[in-house]
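A short write-up of the structure that comes next.
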Amino acid sequence: MYFAHYYLETCRALGRIDAFFERLAPWFLMKEYGFRTTYENADPHGNRSDCHAWGAHPLYHYYASLLGVRPAAPGFAEVTIAPQPGPLQQLSATIVHPRGTIHAHVEQHDDGLHGRVTLPEGVRGVLQLGEQSVGFVGRITFG
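This is the structure:
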């Protein structure tokens, strides 16, 4: 489960969100198997730890890969937002930042992505939607 983190990073970098979601299948089964924590490996009947923190990295990827919020400069002084929601119709998060909070909301519509991002005071951002990018400070609305 742990090394899937690197696979998910690669899927994000290559824009293969379809493969990203396919690899998440074992996590979606955890609830079906009755688990309330992330286990160590994808075989629920083999040797494993039933509470394995390293298996929780898809939570990181919700923010960093699907919403696409990542630091772009030391100290998180600059932020890149490059959403890739895949099959999800809506994503929202409030993310702790050294200077306050980042608020991000993304929705899929027939004509593309719509949303808004608010950054803490003094933090620069770059919104990337496909090949297009735009810099901003404070708040941006798109779509």
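Numbering (the working numbering), first residue to last: 7 to 149. The beta carbon of each residue, even a glycine, is placed where N, CA and C say it ideally should be. Note that this is a predicted model, so its numbers are computed, not measured.
On the three-pair Cβ rule with 8 angstroms, is the segment 128–147 touching the segment 77–92?
-> yes
How long is the line joining the alpha carbons of E113 and G61, rounded to whole angstroms?
-> In a straight line, the C-alpha of E113 is about 27 angstroms away from that of G61.
Is G121 helix, strand or coil when you go by DSSP?
-> strand
Verify whether the separation of the beta carbon atoms of G128 and T147 is less than 9 angstroms.
-> no
Residues near L119 by beta carbon distance below 8 angstroms, same chain, minus five either side = P89, P91, V112, E113, L135, F148, G149
Per DSSP, which residues does Q169 bridge with? Please list them.
-> Residue 169 cannot be examined here, being either before or after the span of the chain that is shown, 7 to 149.
CA-to-CA distance, P32 to R145, given in whole angstroms | Whole-angstrom Cα-Cα distance: 37 angstroms.
Per DSSP, Q138 is paired with what?
-> Beta-bridge pairing by DSSP links Q138 to L135.
Assigned secondary structure, F9 (DSSP; H/G/I helix, E/B strand, else coil) = coil
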